[in-house]
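Since the structure comes first, as structure tokens, the remarks are kept for the end.
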Amino acid sequence: MKIVGLDVYQVDLPYSGGEYRLSGGRNYTSFDATIVQLTTDTGLTGFGESTPFGSTYIAAHAKGVRAGIEELAPHILGLDPRHFDRINDAMDSALLGHHHAKTPIDVACWDIAGKAANMPVCDLLGGRIDMTVPLISSIGTDDPDEMRLHAKRMRDAGFMGHSLKIGASEQEGGPMLDAERVKTCLADKLPGEWFLVDANNGLTPEHALRFLELLPSGLDFVLEAPCASWRETLSLRKRCRAPILLDELIQTEEDIIHAIHSDACDGIGLKISKQGGLTKTKRQREIARASGLVTSIQNTVGSDIAFAAILHIAQSTPQKMLRCALDTRSMVTVTTADFDAKIKNGGTQAPHDAGLGITPKMDTLGEPIMSYSL
Ligand SMILES: [Mg+2]
-5 MKIVGLDVYQ
5 VDLPYSGGEY
15 RLSGGRNYTS
25 FDATIVQLTT
35 DTGLTGFGES
45 TPFGSTYIAA
55 HAKGVRAGIE
65 ELAPHILGLD
75 PRHFDRINDA
85 MDSALLGHHH
95 AKTPIDVACW
105 DIAGKAANMP
115 VCDLLGGRID
125 MTVPLISSIG
135 TDDPDEMRLH
145 AKRMRDAGFM
155 GHSLKIGASE
165 QEGGPMLDAE
175 RVKTCLADKL
185 PGEWFLVDAN
195 NGLTPEHALR
205 FLELLPSGLD
215 FVLEAPCASW
225 RETLSLRKRC
235 RAPILLDELI
245 QTEEDIIHAI
255 HSDACDGIGL
265 KISKQGGLTK
275 TKRQREIARA
285 SGLVTSIQNT
295 VGSDIAFAAI
305 LHIAQSTPQK
315 MLRCALDTRS
325 MVTVTTADFD
335 AKIKNGGTQA
345 PHDAGLGITP
355 KMDTLGEPIM
365 SYSL
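Everything in the sequence shown is counted per my numbering, starting at -5 for the first residue and increasing by one.
Pasting the structure below:
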């Protein structure tokens, strides 16, 4: 089997909550999705999505996804999509870095391989684990009471995991406001609930230490991505009792090895487009597993196609190391595919259909904006 065609689609995904706010004054109202369709000489096709979280979350942006695909397309035409490592070697030889551009191609290969084998992608990724994948809510920075209400709405919808965003500037209220946000939201914590407090790399160690000192003891949460650099993170790690989960700093296998070697964290956020596709996310999951790191499996953001990839790798991740998965569908207002993964009691399961199990809505995708063929 060989890849004979690559089509690129662009879709705007408005944020479902109006305005999404992160540390450092970053605001997002809409996301720019790139969706790739690969066609093979057998007639089988596969889809993948890459939607960066704006241009200020990590070093990735939507126009860069499409420019990267333009570089990559000639190097993957003619290859067998089932040879995941060879596809990734070819992409890495053609373009250094730019994981976000490689992701939709890699994910589309897994979709095709699943269809060819008549197996769901979670089975190809190691095998389905019989469990409901717990989903996490994502609660942007706001007034403490507003964040508490947002968490309550998500709890009422059955979510047992919550990601609270912090990172107030001194002018906004600084560590005092961040501590108030966490205290207020955790006041309602139920047994079995799990809280991430995510600064998205927005704190200095000084801010983080002041914030932690302001909290009462006994609050049960994991501090996510406190600082932007390894120096800051390692300095904080030495002086901080809260477990730490790293996200933006972990993008490559080398990053995980560095985190393990320096004992920088207790868990990692695996985001498929940040890690470079399912092939690399799987490799990084296995390194995390061998090291006793827990994982939060996500994507930067995205629609149904991005969520399908998340759900399949989460469904094949041992329960002990899987804290939660992010349902990106809940963050956007546009549906790009039919995907039979309904939420029940705050969780869901990957469908049993072959491949990703999605049926893209071609009328929503529109005409391809770029096409390549053998
Ligand atoms: Mg994060």
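Each residue gets a CB set at the ideal place from its N, CA and C atoms; glycine is no exception.
Residues near residue i in its chain [Cβ-Cβ closer than 6 Å; skip 5 each side]
i: residue 20; result: 50
i: residue 334; result: 345
i: residue 158; result: 133, 179, 191
i: residue 366; result: 0, 67
i: residue 171; result: 162
i: residue 202; result: 220, 230
i: residue 56; result: 26, 46
For residue i, three-class secondary structure by DSSP
i: residue 200; result: helix
i: residue 68; result: helix
i: residue 267; result: helix
i: residue 8; result: strand
i: residue 309; result: helix
i: residue 13; result: coil
i: residue 240; result: strand
i: residue 229; result: helix
i: residue 245; result: coil
i: residue 235; result: coil
i: residue 52; result: coil
i: residue 279; result: helix
i: residue 19; result: helix
i: residue 206; result: helix
i: residue 288; result: strand
i: residue 256; result: coil
i: residue 211; result: coil
i: residue 295; result: coil
i: residue 219; result: coil
i: residue 78; result: helix
i: residue 35; result: coil
i: residue 45; result: coil
i: residue 108; result: helix
i: residue 380; result: One cannot answer for residue 380 here, as it falls past the ends of the chain, which runs -5 to 368.
i: residue 272; result: helix
i: residue 379; result: Residue 379 cannot be examined here, being either before or after the span of the chain that is shown, -5 to 368.
Classification of residue i by the beta-carbon crowding that lies within 10 angstroms, buried from 16 upward
i: residue 325; result: buried
i: residue 286; result: exposed
i: residue 12; result: exposed
i: residue 250; result: buried
i: residue 255; result: exposed
i: residue 329; result: exposed
i: residue 284; result: exposed
i: residue 293; result: buried
i: residue 290; result: buried
i: residue 82; result: buried
i: residue 109; result: buried
i: residue 186; result: exposed
i: residue 197; result: buried
Spatial neighbours of residue i in its chain, beta-carbon cut-off 8 Å, leaving aside the 5 residues before and after
i: residue 369; result: Only positions -5 to 368 of the chain appear in this structure, which leaves residue 369 out of reach.
i: residue 213; result: 176, 177, 180
i: residue 112; result: 348
Cβ-based neighbour list, residue i, same chain, cut-off 7 Å, excluding 5 preceding and 5 following
i: residue 125; result: 313
i: residue 233; result: 203
i: residue 228; result: 256, 258
Worksheet entry | Start-end ranges of the beta strand (DSSP E) lying completely within the stretch 110 to 198, minimum 3 residues | 127 to 133, 155 to 159, 188 to 192
Discussion item. As an exercise, report each continuous beta strand (DSSP E) stretch of at least 3 residues that is fully enclosed by the stretch 313 to 365, in chain order.
Written reply: 316 to 320, 331 to 333, 352 to 354
Item to complete: Specify whether the stretch 51 to 67 and the stretch 79 to 95 touch according to this definition: at least 3 beta carbon pairs, one from each stretch, less than 8 Å apart.
Response: yes
Discussion item. Contact between the stretch 98 to 110 and the stretch 39 to 49 is defined here as three or more beta-carbon pairs at a separation below 8 Å; is this criterion met?
Written reply: yes
Worksheet entry | At least 3 beta-carbon pairs within less than 8 Å: the stretch 105 to 122 vs the stretch 304 to 313 | yes
Worksheet item: Is the stretch 232 to 239 touching the stretch 255 to 271 in the sense that three or more CB pairs, one from each, lie closer than 8 Å?
Response: yes
Fill in: the stretch 209 to 228 contacting the stretch 182 to 199, beta-carbon criterion three pairs below 8 Å
yes
Worksheet item: Would the stretch 316 to 324 and the stretch 83 to 92 be scored as touching if the rule is three or more Cβ pairs under 8 Å?
Response: no
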